[in-house]
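In order, the protein sequence lines correspond to chains Z, V, W, P and U.
Convert by adding 2 to the 1-based position in the first sequence; the result is the number in this note's numbering.
Convert by adding 2 to the 1-based position in the second sequence; the result is the number in this note's numbering.
Convert by adding 2 to the 1-based position in the third sequence; the result is the number in this note's numbering.
Convert by adding 2 to the 1-based position in the fourth sequence; the result is the number in this note's numbering.
Convert by adding 2 to the 1-based position in the fifth sequence; the result is the number in this note's numbering.
Every residue, glycine too, gets a C-beta built ideally from N, C-alpha and C.
A quick note: this is a predicted structure, and the numbers were derived from the prediction, not measured.
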Amino acid sequence: MNADSSRGIDFHQPIPLNYSYNRPGSIPGTITTIDRAVPSEITLIDYNQDRHQYATNLTPEECAEHLDTSSVSWVDVCGLGDRSTLEKLGRVFNLHPLVLENIANVPQRPKLEDYQDQLVIITQMANFTPQNQGFWLEQVSFVLGKNYLLTVQEEPQTDCFDPVRDRLRLNRGIIRQQRADYLTYALWDTIIDGYFPVLEVYGEKIELLEEEVLKQPTATTLAEIHRLRRELLALRRAIWPQRDMLNILIRDGHPLIDKSVLHYLKDCYDHTIQIIDTIEVYRELASGLMDVYLSAVSNKMNEVMKLLAVISTIFIPLSFIAGVYGMNFNTEVSPWNMPELDWYWGYTLCLAVMLAIALSLIIYFWRLGWLSNISK
Amino acid sequence: MNADSSRGIDFHQPIPLNYSYNRPGSIPGTITTIDRAVPSEITLIDYNQDRHQYATNLTPEECAEHLDTSSVSWVDVCGLGDRSTLEKLGRVFNLHPLVLENIANVPQRPKLEDYQDQLVIITQMANFTPQNQGFWLEQVSFVLGKNYLLTVQEEPQTDCFDPVRDRLRLNRGIIRQQRADYLTYALWDTIIDGYFPVLEVYGEKIELLEEEVLKQPTATTLAEIHRLRRELLALRRAIWPQRDMLNILIRDGHPLIDKSVLHYLKDCYDHTIQIIDTIEVYRELASGLMDVYLSAVSNKMNEVMKLLAVISTIFIPLSFIAGVYGMNFNTEVSPWNMPELDWYWGYTLCLAVMLAIALSLIIYFWRLGWLSNISK
Amino acid sequence: MNADSSRGIDFHQPIPLNYSYNRPGSIPGTITTIDRAVPSEITLIDYNQDRHQYATNLTPEECAEHLDTSSVSWVDVCGLGDRSTLEKLGRVFNLHPLVLENIANVPQRPKLEDYQDQLVIITQMANFTPQNQGFWLEQVSFVLGKNYLLTVQEEPQTDCFDPVRDRLRLNRGIIRQQRADYLTYALWDTIIDGYFPVLEVYGEKIELLEEEVLKQPTATTLAEIHRLRRELLALRRAIWPQRDMLNILIRDGHPLIDKSVLHYLKDCYDHTIQIIDTIEVYRELASGLMDVYLSAVSNKMNEVMKLLAVISTIFIPLSFIAGVYGMNFNTEVSPWNMPELDWYWGYTLCLAVMLAIALSLIIYFWRLGWLSNISK
Amino acid sequence: MNADSSRGIDFHQPIPLNYSYNRPGSIPGTITTIDRAVPSEITLIDYNQDRHQYATNLTPEECAEHLDTSSVSWVDVCGLGDRSTLEKLGRVFNLHPLVLENIANVPQRPKLEDYQDQLVIITQMANFTPQNQGFWLEQVSFVLGKNYLLTVQEEPQTDCFDPVRDRLRLNRGIIRQQRADYLTYALWDTIIDGYFPVLEVYGEKIELLEEEVLKQPTATTLAEIHRLRRELLALRRAIWPQRDMLNILIRDGHPLIDKSVLHYLKDCYDHTIQIIDTIEVYRELASGLMDVYLSAVSNKMNEVMKLLAVISTIFIPLSFIAGVYGMNFNTEVSPWNMPELDWYWGYTLCLAVMLAIALSLIIYFWRLGWLSNISK
Amino acid sequence: MNADSSRGIDFHQPIPLNYSYNRPGSIPGTITTIDRAVPSEITLIDYNQDRHQYATNLTPEECAEHLDTSSVSWVDVCGLGDRSTLEKLGRVFNLHPLVLENIANVPQRPKLEDYQDQLVIITQMANFTPQNQGFWLEQVSFVLGKNYLLTVQEEPQTDCFDPVRDRLRLNRGIIRQQRADYLTYALWDTIIDGYFPVLEVYGEKIELLEEEVLKQPTATTLAEIHRLRRELLALRRAIWPQRDMLNILIRDGHPLIDKSVLHYLKDCYDHTIQIIDTIEVYRELASGLMDVYLSAVSNKMNEVMKLLAVISTIFIPLSFIAGVYGMNFNTEVSPWNMPELDWYWGYTLCLAVMLAIALSLIIYFWRLGWLSNISK
């Protein structure tokens, strides 16, 4: 199933920079998400070291019975679907109204909320657009309980979590020996690592723009640089709060997260630092590109002006001379009226003077170094 | 009743950036607000879980008897009216002179003041201008006591608090089961959520400007960008201190605010963060727009210069040739005086040379890529 | 008495940005102030709740006897006068040499110094220049002791403290019931509130410049913007440390300042925040103005270039055609030599071709939108 | 052996700004480094005050027996070689999978990780490119244990650590009397001091660019400035986290690092401060250079425009006059048709008028100061 | 003796921005200073309240005997001389190798190092260049012991400390009653106060540049502004760490520094704040100057373009008309061929039309306000 069709994402539109909000004055916990064409798809993976059970197309009520078992239950809700499903989920998982509001009214700024027996983590996932030319951000919410993890994805099934599902199914690594907190780490780590390939694309974009801006700056280049800055702003805004959230978790710990998992979260935190670090460098480069662009345009204009000045400066005096000898003063009424016209060498002399003027001007410009620049 | 007429807000004027102040050296607590044409309208809502009483057009003295009852009394003063009413209010609610000064001399920077048995909160509310093209800021002051909440709005009744009044009247949500602290939250939350639709308008403005600046930059665009930056500054200035105030309340708590309400204030605080976050992104975009504008203007000038240079460079040499053969040297006195004029193919040759020059220059410019840019 | 004449302030000069300093290596406490033409004028106000005594033209020694009385003694030294008076003051008030140095060698950066039994506060007062077009800064130093307050003003009597003197004389407000700490607050508050009207003037200046920069940017505008930025820098530098000083006093308290007065200082602190807040906004606007200026100048140049390009592009080809038919090729030696000259409709055709070229170019420019811009 | 050939570093390519990352969702600890053409070369130096043993071309297993001896064992792995060697190393040194991932997947952001009995330090070494025109960054990882130090260099043997090897071999200084912690300091100090000569090269580059930008700004200069800024960003990014790491070590200490060594690390820390300080200054200068460049280009264009304006303004009116007297009005049909043509002094007068116009314009431009600028 | 000759300081060279460093990998404590032409000159002043002994041209060994006496011994080493003298000094004063390295390898970033019984202070002194047009920085290192102070100056005797020497000799102020800690203060204060006159020169430079940039911006102005920014960066870099050092000393105290001296250091700290404050203001002004410069150049170009446009726009149509009537169409073959040439009022009419066109264009430009600007 294609994510685009479900919400009609227009990839030519700039990434939205507003957050979602309720009508001012509405009751806290109000869900204002519009009902989607595609209903939520609820998948359950129930596992422990020995067992791995996979069920799909569940209703919220069917999930309820798995929550109190000692095995780890991962309930994955793909797509926000309709309001009633979300409200049922809220009842089954006993979610605070404000939590449900944050899960349903997307996009929210990533945040961490601690409700004694539940840890709520709101994150943003960076997905590539179909032709890999940009990215779009999808909210993924985690509700971590004692034996279960609820994840709610803004859009219907896209494949970002598949490597983790495979690790669960095939019992690769240590994931099956661990609890829901490790699963939370594994999924969040997948989300965060997903920013790296996006950054790589932007790194290449910057290099292309650097070349273009110096060689052939056009109005399109300008629009590209501005768009790049805008998208880097959006990326930074999505990853920055996740860094803070990880930092708080590592610094303060949480009863639902085992100490051994904190070490993995530390690695995850390092990755957010690397991502932010790279984004900041890209932002500085993009900002520098704008300066370079302006300078390059000025440079080009300089060349144009030089050409105009050289041609004009050479021919204007010559044309003047030609104009003088095109005057119709009557040579017959006075020996002082344009006697040059009747000289034997008049024309030749005239051309010689013109040539002399032209040559001296050319030498002058050559010395100023203007001629070499133009021919370039 | 229309807010504009009461103070004659001129929506074509830029938003004022000064704060109100007393004449230097005046006695602390002096009220310098000018008497308004429209008197303050005092409304009382007295409620508990079972009861809801609404009274309007009260005098300050009539409010006094409600303050000590166990039910929650919300005294809402709409419009600053005249000085004497304010002073009476001060006596009835036992306000410190400096508090009264802050309530009356608008605008003040939002602030939080703690007077043992009263918590004073000065906020700024963002209202849309009539045609939704901009916003104006209105000071709303809260005085939270044990069983009462006094709110003072700068302008006579506008409808921003109506959803809360409805929730009180219709007993929607949990508001009637809660005390004055929850009411304070509900109203403040309404004020803060009111910044979101304003931001949305500015987000659209930025997108329009982005398009305009790249396609058709004019002096009006420039003025628009500058005005946008100015208004974002004003917005930031209004919301930033409110974030700090919420942070202090959440961090330190307050005897008048119940712990359960702090959780709601936390949500409110998250909203201020989202608003500030968005404002900062808009400010960066607006700042980038100015760079883009300058570059786009340079770009346009470049095109103009190229056209001028191409036309001049092609025709100036040709005109010179025509000028040469317009000279009146006497061909009869010398065979060296412009013999070309008498050649059989003279004119044809002359035109051919001109054509050759023109063509070679056109090819030269085409290779430089100047012709394609101009035709664009 | 006029302040200007006493030190010959030149209001056309930019505000000095250097601080005063002693010759490197000189003994700590050296007074390097030059002797002024106008001697210091020492005034004493000795008051308590019941009594108000005013004496003027005192010598430092005459003040001494009032210092140990239980009533509050305000010794106000107006003008730095000559060195010997200052040294006498130092002896009478038992000032540390470094304190005397800071009082006498103006200007100093505002600072707070704690000498067990004395609290020294160095502030900067913003006064309007005669025509209210700008401001100049005057250092006012406070030495707060147990029962006395010494204030030293850089310049002879200007009227900034008169409202406080009136409140003392007429026993308005609570000032006569309070001690020297409240008097310090009252005077300092007067100084700080004096920045508000100055800011108001700058707010208006910015609005005028905003209009000017978009409509008629000239070199004078540029100089005005630069001057504005410089003066805002000077203002910020004067108020910023005063905010820090108030913050330290409120946070840490001081034995010489009563707790009830701290509340008033908090209000004073809020005012410094408002002032700094406004200055920062003005600085951002002024900085944006520079960008707008550059863009507006580029815009104007663009218009000029367009006019030049339009006129040149239209007439240069026409002139070339006219030039061609002004050539003197001998039509008699060859039927190929400018036969057009002898055609019956030659001239008419020639004009028609010219008209056609001109019209098509005009249509071309009209489509590019260049003509509308020029006519504007 | 040449470092370049081994990974085909292209020194004309800009320095990569991305960090290495695993495919999102892969198992923590996955090594994704590609197998290199050149296998890792493992060298062991085993020393104490009396003994110095050097062995090369070891296998990871051969190193194992040295780790538990009381002498200090420095195992130096040059080049990342193939995956299996790295995995063997991980087993021999008992490395946490995440540590191995950080060592193998280069480049990582420098970081410090504390595993009770091992201290892991990831650093970046700045090496000169062959012609000393730039630098490339190589990751060097330290694993400090009780009696051993494992270093893993990204590239096969380059000579940066040779001075330390010599000090060990020749027993210079106090290095042989110290433990593995001092060795770690000595090597890290060598890495950090290696940034100084790189900075020196950039200092010289900036001075060359400063001269070039003022005298002969070309598009190449622009590209150079942008490249410089990019490379300074890369340098800052490599050294900044190393400063933080040193700061944490000095502030908190570590059981594996003796107190006496902390003093040396403090010196090392001071060097990182000096390096960062210098980079920041260079960055500010480079950023200023861009402004200067733009201004210089504008300046040059100004000169070109002035020349064009001077020549055009002088000759255009003159050409017009010549054009007027080149008109063919029939002087015979009317005494008002160009009678000047038949005047005795007509031509002379005409030339005189032209000369007068030209001279007065030249004087006008000379007064404006335009002529002096052009001749420059 | 002249400081310049000793190290051949070239005052036309920009101030070096690199710090000194040892070859990477060299033994900690290595002295890499080159041997100077001029040997170090060691001076001793041994004093207490009653006694003042001055000795010059001592060897390090001769100083040793004074160190343990109860009087204060100030050993002043002027010039770094040769390596052996420095090493002897290290032995006599029992300096840690890293301290000696910092003293000898100049320049170092100012820093504070605490070796139990010695406090090492590395500072930078700002000296004027001979013609007072700029400054150069000289490292002065302090080693404060119990009864002695060792100062090492980078260059041979310059007179900056003379006022302190005079105060010691003539027993002025309280310096002879104090210990080595007060002497350290007195000297360091002299160094810091030495930045004030340098700043004063830069303040004047900025004012000159402000005038120049608005009136007559040239390429030299541009170079001056860039140089100014560079030098302010160098100044800030020298004073900033000294502020931090003073702050640490005041905050934490030190066993070798008496509490009464801390008060004087506080004054010294205030001076560093004033200096940094002023530098920051200057830096903002210099940065603003660059904007003003660019705007002023654009402004000038605008004027040039306007002149060109006015002249061209007026004369190009006129020349075209003249060109038309210079065409040689044969008026005899057709009545439609330029009949105007044979009209009685033809020429007069033609001139009248030209005049009308010229006048209407002049009026048009006058209305646009272009003419007034040019004449300026």
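Restricting to Cα atoms, I'd like to know which of the options is closest to residue i.
i: residue 31/P; options: 101/P, 209/P and 129/P; result: 101/P
i: residue 298/Z; options: 366/P, 228/P and 290/P; result: 228/P
i: residue 171/P; options: 232/P, 57/P, 36/P and 117/P; result: 57/P
i: residue 380/P; options: 175/P, 47/P, 114/P and 181/P; result: There is no way to answer for residue 380/P, as the model of chain P reaches only from 3 to 378.
i: residue 150/W; options: 348/W, 180/W, 290/W and 358/W; result: 180/W
i: residue 274/U; options: 218/U, 27/U, 242/U and 68/U; result: 242/U
Can residue i and residue j be called in contact, C-beta distance under 9 angstroms?
i: residue 158/P; j: residue 40/P; result: yes
i: residue 208/V; j: residue 238/V; result: no
i: residue 288/U; j: residue 231/U; result: yes
i: residue 65/W; j: residue 94/W; result: yes
i: residue 77/P; j: residue 186/P; result: no
i: residue 141/U; j: residue 155/U; result: yes
Would you kindly work out how many angstroms separate the C-alpha atoms of residue i and residue j, rounded to a whole number?
i: residue 50/U; j: residue 63/U; result: 22 angstroms
i: residue 71/V; j: residue 271/Z; result: 53 angstroms
i: residue 13/V; j: residue 371/Z; result: Reliability fails at residue 13/V, whose pLDDT of 47 lies under 50, so the model's placement of it is uncertain and no value is given.
i: residue 364/P; j: residue 316/P; result: 8 angstroms
i: residue 122/Z; j: residue 148/V; result: 34 angstroms
i: residue 296/P; j: residue 136/Z; result: 32 angstroms
i: residue 204/W; j: residue 225/W; result: 15 angstroms
i: residue 194/W; j: residue 261/W; result: 21 angstroms
i: residue 267/P; j: residue 248/P; result: 7 angstroms
i: residue 110/U; j: residue 293/Z; result: 34 angstroms
i: residue 53/W; j: residue 34/W; result: 39 angstroms
On the premise that residue j lies in contact with residue i, defined as a C-beta separation below 8 angstroms, what is that separation, rounded to the nearest angstrom?
i: residue 29/Z; j: residue 169/V; result: 6 angstroms
i: residue 264/Z; j: residue 252/Z; result: 6 angstroms
i: residue 258/W; j: residue 183/W; result: 6 angstroms
i: residue 139/U; j: residue 126/U; result: 5 angstroms
i: residue 112/U; j: residue 236/U; result: At roughly 13 angstroms, the Cβ-Cβ gap does not stay under 8 angstroms, so residue 112/U and residue 236/U are not in contact.
Checking contacts by CB at 9 angstroms: is residue i closer than that to chain B?
i: residue 146/P; result: Any reference to chain B falls outside this structure, whose protein chains are Z, V, W, P and U.
TODO: Tell me, please, whether the stretch 16 to 32 of chain Z touches the stretch 181 to 201 of chain V by the rule of three or more beta-carbon pairs shorter than 8 angstroms.
DONE: Touching, yes.
Open item on the list: Would the stretch 64 to 84 of chain V count as touching the stretch 209 to 225 of chain V if we require 3 or more Cβ pairs under 8 angstroms?
Closed with: No, the stretch 64 to 84 of chain V is not in contact with the stretch 209 to 225 of chain V.
TODO: Would you be able to state if there are at least three C-beta pairs under 8 angstroms between the stretch 316 to 334 of chain V and the stretch 303 to 321 of chain U?
DONE: Output reads no: the stretch 316 to 334 of chain V does not touch the stretch 303 to 321 of chain U.
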